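One line per chain: the protein sequences are A and B, in this order.
To convert, note that position 329 of the first sequence is 352 in this note's numbering; the numbers rise steadily by one, no gaps.
To convert, note that position 146 of the second sequence is 314 in this note's numbering; the numbers rise steadily by one, no gaps.
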Amino acid sequence: MRTIAIVKRVLREMLRDKRTLALMFIAPLFILSLMYFLFQNNSTSVAKIGVSNVNTSLVKALKNKHTDLAAYGDHANAKTTIRQHNLAAFIHEQDGKLTVTYSNSQPSDTALVKQALQGGVTKLKVQALVAATKTQKQVLQQQAKVLKTVMAQQQKLQAAQGTTRGQTATTGTTTKPKTVPNYTVTSHYLYGNSDSTFFDTFLPVLLGFFVFFFVFLISGISLLNERTTGTLTRLLATPVRRGEIITGYLIGYGLFAVIQTIITVTFALTVFNVHMLGSVWLILLINFLLAMVALSMGIFISTFANSEFQMVQFIPLLIVPQVFFSGIITISTMPDWLQWLAHIFPLYYGGDALMNVATRGFSLSAVSGDLWILLFFAVAFTTLNVIGLKRYRRV
Amino acid sequence: MAQPMIDVRNVAKQFGANVVLKQISLQLPAGRVMGLIGPSGAGKTTLVKAILGMEKVDSGTTTVLGTEMPNRQIMQKIGYMAQSDALYETLTARENLRFFGELMGVTGTALTSSITHVAQVVNLTAELNRRVSAYSGGMKRRLSLAIALIADPDLLILDEPTVGIDPELRQQIWAELRQLKQHGKAILVTTHVMDEAERCDELMLIREGIALAQGTPDDLKQEYAVDTIEQVFLKAGRLQDENHSDR
């Protein structure tokens, strides 16, 4: 009953505070959109390539929307040309050998050139093959014609003589087709498609992070407000249980966290057409658990802050490191001690579970280990909070 | 009533090296108004919080309504008004009253009629649907008092209830307190205002954590051979300082 009173009050206060509402519901969408466009633009960069004495067919093959080719003299110096014309790479051909000099000041440009080069060379090979098959096809067709006329003649002759069998036999052996298979490559992607970017892959983790960050901040600051304005002391001068206060907070802010998660997930799925292999409900459940951890952690941390400013100081200390260990940076390649450190951050488990569900289609049972640990975090912090309120009232 | 509403025995409390309360004892029977007077930092608020069970004491006991504090259930029978207005600014006065009423265990129609009644007492009926952030200091004080009265408690503990309230409304509030007293409620008030002290049935002077004097206003005036409580206060303080220098 008293818990409901606290839930109602938390909801009412939040609904009155339009700016905080906007922060919770619109800010994640804004940041998501911004990141979406930032990472999309990556694919439109163009690398300038200088060529000297390069076979024209190869130059043609190198051309694509990511390369810009310019021809220079046969004896142009690679280093000076790159510097003078701000090229990503310079290609020189001599006696059928290619020498490529990369500027390498932008690793992404170097990658583009390497890709174009590889693609170009393959394209040439394929073209050669296709040309070969074409000529063979023509030969084949010609021989088929020959065969036809021969057959016709044979029939005529058969009627007249019936003795030219040997001639047709020799023609038959030469027309045996020598086809080279014309490979077409079909690619399959487990998650996303050929247009997938960094954004698509890490979106699930980003969702979890937003929920965690905003819920942490808002719950922490609102409880801090209760402490500094004296309402917390006033609350504890009523027969309310300490657990009822914490539960009321968890439910009240938990509801907002659920709404926030639903909005951001729906936004990502509909507006950006992001693929989710696993169940959306499971994604919501993981985010809800993350929100619970963030809530209890925010309330707990607010004990150590005396002002909103001090609360904000905990962000670089507690929130930023969690981003590093949320799975955006591959954890399995980190040094051992860092991998060990990752395990103390709740977002490590949340990020792991979200990635596995969204990009690998894991089921509830497959990520249950992560979920139990998140639940443990939430319960542990909640217990600490209930004990911590003893500072204000002994029972 | 044989059993006192508040029974404080030999309570002592110190924060670090700073001694806030020294062996304070106090009894408040039902139907009486007791005033705690003393300068800022005398330990009045600490004593009040010790009675509520919100402050841990180093020694001694505090008993409220026959139950040793801290006790959560007894909180329901105490109407408390804190020194600072602890109100939810984004909510309206009515929502604040409703919230604290629900926490005190008042529900349904009882709560609705109680809200109407306490709003009348503190003269906020017309202002009930306004947000607290739009309230003046005096209005906030009155709302805090209304919250203390919401559950119709047996014991009222009011920490500086009339700061920032104009004289006319102060008269009204004291009239209401007198009525509550006649209904058998016990009231403990801390105050700076000497003319309020005169209205109490009993006074306790606290200075530097020590109970300097205790008795009815008239008794105290006689004891110190002065005309007003203010003079009692000043004289008692002087005597304390002299004793201190003698030691």
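Glycine included, C-beta positions come from ideal geometry on N, C-alpha and C.
If you're wondering where the values come from, they're calculated on a predicted model, not measured in any experiment.
*Run through DSSP, which three-state label would E116 of chain A get?*
Counting from one through the first sequence, the residue named residue 116 of chain A turns up at place 93. Reduced to three states, the DSSP call for E116 of chain A is strand.
*Nearest chain A C-beta to Q182 of chain B closer than 9 Å, yes or no?*
Locating residue 182 of chain B in the second sequence gives position 14, counting from the first residue. No - not a single Cβ of chain A is within 9 Å of the one on Q182 of chain B.
*Is G332 of chain B helix, strand or coil by DSSP?*
Taking the second sequence and counting its residues from 1, one reaches residue 332 of chain B at position 164. Coil, per DSSP.
*Flag this pair as yes or no: are the beta carbons of A101 of chain A and T79 of chain A separated by less than 9 Å?*
For this step, residue 101 of chain A is matched to residue 78 along the first sequence. For this step, residue 79 of chain A is matched to residue 56 along the first sequence. Going by C-beta atoms, A101 of chain A is not nearer than 9 Å to T79 of chain A.
*What did DSSP end up calling Q190 of chain A once you bin it into helix, strand or coil?*
Here residue 190 of chain A corresponds to residue number 167 of the first sequence, with the count starting at 1. Only weak support exists for where Q190 of chain A lies, its pLDDT of 48 falling under 50; the coordinates are left without a value.
*Below 8 Å, can you find three or more Cβ-Cβ pairs linking the segment 401-410 of chain B to the segment 231-244 of chain B?*
no
_What does the alpha-carbon distance come out to for the pair D334 of chain B and V290 of chain B?_
As a first step, residue 334 of chain B must be located in the second sequence, where it is residue number 166. As a first step, residue 290 of chain B must be located in the second sequence, where it is residue number 122. Inter-residue distance for D334 of chain B and V290 of chain B is about 12 Å (C-alpha atoms, whole angstroms).
*asked:* Just to check my reading of the structure: L340 of chain A and G231 of chain A have Cβ atoms closer than 8 Å, yes? What is that Cβ distance to the nearest angstrom?
replied: Within the first sequence, residue 340 of chain A is the residue found at index 317, counting from 1. Within the first sequence, residue 231 of chain A is the residue found at index 208, counting from 1. L340 of chain A to G231 of chain A, Cβ: 20 Å. No contact.
_For G189 of chain A, count the other beta carbons within 10 Å of its own beta carbon; 16 or more makes it buried, fewer makes it exposed. Which is it?_
Position 166 of the first sequence, counted from the start, is the residue given in the question as residue 189 of chain A. Note that G189 of chain A has pLDDT 48, beneath the 50 cutoff, so the model's placement of it is unreliable and the number below is only indicative. By the 10 Å Cβ count, G189 of chain A comes out exposed.
*Should E331 of chain A be flagged as near chain B, meaning a C-beta pair shorter than 9 Å?*
By one-based count along the first sequence, residue 331 of chain A stands at place 308. With 9 Å as the cut-off, E331 of chain A does not count as an interface residue toward chain B.
*Is it buried or exposed for H115 of chain A, if we count other Cβ within 10 angstroms and need 16 for buried?*
Numbered from its first residue, the first sequence carries residue 115 of chain A at position 92. Under this definition H115 of chain A is a buried residue.
*Contact check, M202 of chain B vs D369 of chain B under 8 Å by CB: the rounded distance?*
Here residue 202 of chain B refers to the residue found at position 34 of the second sequence. Here residue 369 of chain B refers to the residue found at position 201 of the second sequence. Confirmed, about 7 Å.
*Going along chain B, which residues have a C-beta under 7 Å from G253 of chain A?*
Sequence index remark: in the first sequence, residue 253 of chain A carries index 230 (1-based). By Cβ distance, chain B contributes A250, S252, A254.
*Going along chain A in order, which residues have a C-beta closer than 7 Å to the C-beta of M243 of chain B?*
Counting from 1 along the second sequence, the entry for residue 243 of chain B is found at position 75. A260, T261, P262, listed in chain order.
*Can you give the beta carbon distance from T231 of chain B to D175 of chain B, rounded, assuming they're within the 8 Å contact cut?*
Here residue 231 of chain B is taken as the residue at index 63 of the second sequence, counted from 1. Here residue 175 of chain B is taken as the residue at index 7 of the second sequence, counted from 1. The pair is a contact, with the Cβ atoms about 4 Å apart (cut-off 8 Å).
*asked:* DSSP three-state label for G247 of chain B, please.
replied: For the purposes of this step, residue 247 of chain B is identified with residue 79 of the second sequence, where counting begins at 1. G247 of chain B falls in the strand class under three-state DSSP.
*asked:* Can you confirm whether M47 of chain A, when its beta carbon is compared against all beta carbons of chain B, has any partner nearer than 9 Å?
replied: As a first step, residue 47 of chain A must be located in the first sequence, where it is residue number 24. No, because no Cβ of chain B sits closer than 9 Å to the Cβ of M47 of chain A.
_If contacts are defined as beta-carbon pairs under 8 Å, then M249 of chain B and S312 of chain B qualify, I think. What distance do you get, rounded to the angstrom?_
Translated into positions along the second sequence, residue 249 of chain B becomes position 81. Translated into positions along the second sequence, residue 312 of chain B becomes position 144. Rounded, the Cβ-Cβ distance is 5 Å, consistent with contact.
*By DSSP, does E257 of chain B sit in helix, in strand, or in coil?*
Against the second sequence, residue 257 of chain B aligns to sequence position 89. Coil, per DSSP.
*Say yes only if the C-beta of F323 of chain A is nearer than 8 Å to one or more non-hydrogen atoms of the ligand COA, and no if none qualify.*
This structure lacks the ligand COA, and indeed carries no ligand of any kind.
*Can you tell me whether P329 of chain B is buried or exposed, with buried defined as 16 or more other CB within 10 angstroms of its CB?*
The residue given as residue 329 of chain B occupies position 161 in the second sequence. So P329 of chain B counts as buried.
*Given L255 of chain A as reference, the closest of B:Q171, B:L255, B:A210 once Cα atoms are compared*: By one-based count along the first sequence, residue 255 of chain A stands at place 232. Selected option, being the one with the closest Cα: B:L255.
*State the start and end residues of the unbroken beta strand (DSSP E) segment that holds A93 of chain A.*
As a working note, residue 93 of chain A is residue 70 in the first sequence. Counting along the chain, the beta strand (DSSP E) containing A93 of chain A begins and ends at 90-95.
_Give me the residue from B:S208, B:L371, B:N411, B:D320 with the minimum Cα distance to H351 of chain B._
Residue mapping note: residue 351 of chain B aligns to position 183 of the second sequence, counting from 1. Of B:S208, B:L371, B:N411, B:D320, the residue nearest in Cα terms is B:D320.
*Verify the CB distance criterion: does F401 of chain B have a CB-CB separation below 9 Å to chain A?*
By one-based count along the second sequence, residue 401 of chain B stands at place 233. Interface with chain A (9 Å Cβ-Cβ cutoff): F401 of chain B is excluded.
*State yes or no: is the C-beta of F233 of chain A within less than 9 Å of the C-beta of P51 of chain A?*
Residue numbering aside, residue 233 of chain A sits at position 210 when the first sequence is read from its first letter. Residue numbering aside, residue 51 of chain A sits at position 28 when the first sequence is read from its first letter. A distance below 9 Å separates the beta carbons of F233 of chain A and P51 of chain A.
_Partner residues on chain A for M272 of chain B, Cβ-Cβ distance less than 8 Å_ = Taking the second sequence and counting its residues from 1, the one referred to as residue 272 of chain B is at position 104. T261, P262, listed in chain order.
*May I have the straight-line CA-CA distance separating R417 of chain A from M24 of chain A, to the nearest angstrom?*
Here residue 417 of chain A refers to the residue found at position 394 when the first sequence is read from its first residue. Here residue 24 of chain A refers to the residue found at position 1 when the first sequence is read from its first residue. The straight-line gap from Cα to Cα measures roughly 22 Å.
_Limits of the alpha helix (DSSP H) - the one that N408 of chain A falls within_ = Within the first sequence, residue 408 of chain A is the residue found at index 385, counting from 1. It spans 391-411 - the alpha helix (DSSP H) in which N408 of chain A sits, taken as one unbroken run.
*Which runs of the alpha helix (DSSP H) fall wholly inside the segment 347-390 of chain B and span at least 4 residues, in chain order?*
Qualifying alpha helix (DSSP H) stretches, in chain order: 362-367.
*Which of the three DSSP states, helix, strand or coil, is assigned to E223 of chain B?*
Position 55 of the second sequence, counting from 1, holds the residue named residue 223 of chain B. Three-state DSSP puts E223 of chain B in coil, outside helix and strand.
*asked:* I'd like the list of long-range same chain contacts for V316 of chain A, defined as Cβ closer than 8 Å, with 5 residues on each side in sequence excluded.
replied: Taking the first sequence and counting its residues from 1, the one referred to as residue 316 of chain A is at position 293. Beyond the five residues adjoining it in sequence on each side, V316 of chain A comes within less than 8 Å, by CB distance, of F235, P369, G373, L397, F400, A401, F404 in the same chain, given in chain order.
_CB contact below 9 Å: R177 of chain B versus chain A_ = One-based indexing of the second sequence puts residue 177 of chain B at position 9. So, not an interface residue.
_Does chain A have any CB closer than 9 Å to the CB of I333 of chain B?_
Against the second sequence, residue 333 of chain B aligns to sequence position 165. Chain A, which has no Cβ nearer than 9 Å to the Cβ of I333 of chain B, makes this no.
*asked:* Less than 8 Å between C-beta atoms, sequence neighbours within five positions excluded: which residues of the same chain meet that for R375 of chain B?
replied: Reading the second sequence from its first residue, position 207 is the one you call residue 375 of chain B. Answer for R375 of chain B: G206, P207, A210, A404, G405, Q408, listed in chain order.
*Nearest-angstrom Cα distance between H360 of chain B and W342 of chain B?*
Your numbering for residue 360 of chain B matches position 192 in the second sequence. Your numbering for residue 342 of chain B matches position 174 in the second sequence. The alpha-carbon atoms of H360 of chain B and W342 of chain B are separated by roughly 15 Å.
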